[in-house]
Every structure is written in structure tokens, then in C-alpha cells.
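Here is the structure we will look at, set down as C-alpha cells.
Numbering (mature numbering (1 follows the signal peptide of the UniProt record, and there is no 0)), first residue to last: -17 to -1, 1 to 360.
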């Protein structure tokens, strides 16, 4: 019996130290150089997502509360109810915490749901802990640099408890929008039927009347819900802002008598920097999209300015963490499509954002969010 106990203990210990690949990619994405060896003492900030306690039920509820055909439509979850679904089990939390402590990793929880941990460790430590080779890669077009790896591993005993570790294999750099017009086509039958009745001038330039005709945006002023709050995701390299003159002109034409409230102080992401010169060069089309949305919701935009050097996923996750940690949650969240359409992002990486946004969408008011991806076209 003693021999059996010793054998089982040894097997468990082996499973906790045997590394298995958790995520990998075959090659460096196009547009990046081949990477240089960084200083082993350079510090990395990684985000680890823990496997949710009941993902399938969460997905079912997320769909049902958003589907008008469902009997559960509009029956949004409270933060506590959401936490029971997407938060980790006690067993998962304990295993991951013990692993990090044993490896002398500094970590903290970033979400009230308990499903996200932020780690601080050196490149050398990360290479050893994850069986990885972290290199410094340069995005050739922008000159931005970031430390990434083509593969990382985790202990066999923990693989089923770890959803992702980021940024690792995601080369998520968002290209700067050009603002050039794009000739797009759609298979949406409703929009196509409307398009046949719209002036041909809309083929060359998009105006308020074109948008109203194509997408059914109401012409008359609508009642503004007092609790409306608009958050807009942007970054410190291509910021989006509200031009008061543009918004007031929009309001005079379409929503007479409505005035926006006082300006809101932008929220800066960790390490994000902003200057007045950046706003002078703010991208024209996403700025107009933000102004349009602000005028429709009747609220000024609360800008969340991400650090462009963190790529695509981290700033969005940081914004979601900020929303989850505030009592005054937005009713509308806008993420510019140029940020969402970043290059080098894996399917697992996009799933991170989908799950997090889905979590916001299932929360009961005032946490319910209408998620809009504004277009640069």
C-alpha cells in the first residue's frame, strides 16, 4: 500500500512538471522581422485567463438573453450570477495560484470575476516556466516592437485549467487606418433592397441621408434614455475624439433640442500617452463615426485610450476590466474596426475578446452593453 501511495504521488508530481504545448504557430506572421534575443532580465507583463466554471451554460444564456425570439430575452445576469459561470472553480484557482507561488511569480487579479490574472516576470523566467523562446519582433510597417514567442507550454496537470496566456503567440498590431473610401458589398437582403432606392450619389460619398436611407436610422429625434453612457475604445497613435461643432450640427439637423453634457476626462490605459498634437491628426472617419454614435445616444463619449504598444488584445481587455470594476457601467461600447482587425491575432486570441464582450452583454442593467464596431469606410 505504501508503495502504491509513493507511486501515485510521484506520478502527480511528474504531471505537474511535465510541460505540454498549449498554443503555437508555425511561422512569424508576414510583416514582421525574424526577431532578436532580448535581455533576459527584461520584464514582461502577461495575462492568464482561467477556464470558466460553466462555459456551455454561459454561452447558452448569452445567446438567449440577446435573442428576441427567446423567452429569456432581456433577463440579464447580475455580476454575481455571471461570476458563477465564467469565473474559475475553487480547484482551478488553487492549482494556478500554487503554481505561480512555487515559481516566485508576482501576480494579481484584474477582474472582479476572478478569471483573469496579470503576471510580472522576466524574459528568462518566462522562457523557463513556459518552455518558450521569447524574442523581440519588429512590425516593419510601423516600427513597433514587442516580445512574443511562437510556442508556449504549461504543466500537463494545469493544461485543462488555463484558457490562454497573452501576449505570447499573438502578434496583434493594429494597422493605422488610412481613411480611404472602400467599395464594399453586402449580402444582407434588407440593406440591398434599401440600396436600390437610395440616390446614386451614395455610391461615391457617405452622408447622413445615405446612412439613414441604407440602415433605417430614424430621421426624427428620439427620446434619450437618461442612463445612457457611451464608452469608446481608441489608442494613443490614432485617437478618436468628438468635435463639438460637428456634433452640434448633427443635433440641430436630426435631434433638435438635445444637448450633450459636459466633456468627460479620457481614461488612460496603463502606459498610454496622449498629447494635443495627436488629436490634431485624429483619423477623420472613425472620429465621425464616434460623433454620430454620441449624437444618437445623446451622451458624450467616455474615451478609453489604449497603449498602442500593447497591441490589440491587451487594451481591449484592460478596458473591459475597467468597465467591470466601475459602478457606472456603459450602455453602449464602441470599438473601432481598425483596432479589431489587427494582424497576427490567433483564433484563441480573438476568442478571448469574444468571451469578455459576451460577458458584458449578459449583465443586467446598468451593465447591459450594446456593442458597436464602427467602420472606417
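A virtual CB, placed ideally from N, CA and C, is assigned to each residue, including glycine.
Nearest to residue 109 by C-alpha distance, out of 148, 14 and 63, is 148. Within the same chain, and ignoring the five residues on either side of residue 14 in sequence, the residues whose Cβ sits closer than 7 Å to its Cβ are 122, 123, 124 and 326.
Distance from the CA atom of residue 50 to the CA atom of residue 71, rounded to whole angstroms, is 27 Å. Residue 116 sits away from residue 8, with the two beta carbons spaced by 7 Å or more.
Taking the Cα positions, residue 95 is about 18 Å away from residue 89.
Here DSSP, grouped into helix, strand and coil, assigns residue 298 to helix.
For residue 32, the enclosing beta strand (DSSP E) has its first and last residue at 26 to 33. In the three-state scheme derived from DSSP, where H, G and I count as helix and E and B as strand, residue 70 is classed as coil. With a 10 Å radius around the Cβ and a threshold of 16 neighbouring Cβ atoms, residue 228 comes out exposed. Note on residue 57: under 16 other CB atoms within 10 angstroms of its CB, so exposed under the neighbour-count rule.
Minimum Cα-Cα distance from residue 66 among the listed residues 287, 52 and 38 corresponds to 38. Runs of beta strand (DSSP E) with 3 or more residues, each lying fully within the region 83 to 109, are found at 89 to 92 and 99 to 105, listed in chain order. CA-CA distance, residue 296 to residue 150, rounds to 8 Å. Linking residue 314 to residue 337 through their CA atoms gives a straight-line distance of about 18 Å. A check of alpha carbon separations from residue 20 across 102, 131 and 84 identifies 131 as the nearest. Around the Cβ of residue 10, a 10 Å sphere holds fewer than 16 other Cβ atoms; the residue is exposed. Distance from residue 2 to residue 136 at the Cβ level is roughly 4 Å; contact confirmed, criterion being Cβ atoms closer than 8 Å. Note on residue 285: 16 or more other CB atoms within 10 angstroms of its CB, so buried under the neighbour-count rule. Between the alpha carbons of residue 18 and residue 277 lies a distance of about 42 Å. Annotation for residue 44: no beta strand (DSSP E) segment contains it, though the alpha helix (DSSP H) segment containing it runs 38 to 47.
Membership of residue 155 in any beta strand (DSSP E) is not indicated, and neither H nor E is assigned to it by DSSP. Its chain contains 18, 19, 20, 21, 128, 129 and 130 as the residues whose beta carbon lies nearer than 8 Å to that of residue 119, once the 5 sequence neighbours on both sides are disregarded; these appear in chain order.
Rounded to the nearest whole angstrom, the CA to CA distance from residue 250 to residue 288 is 6 Å.
Here residue 4 has 134 and 136 as same chain residues with Cβ atoms under 7 Å from its own Cβ, once five neighbours each way along the sequence are excluded.
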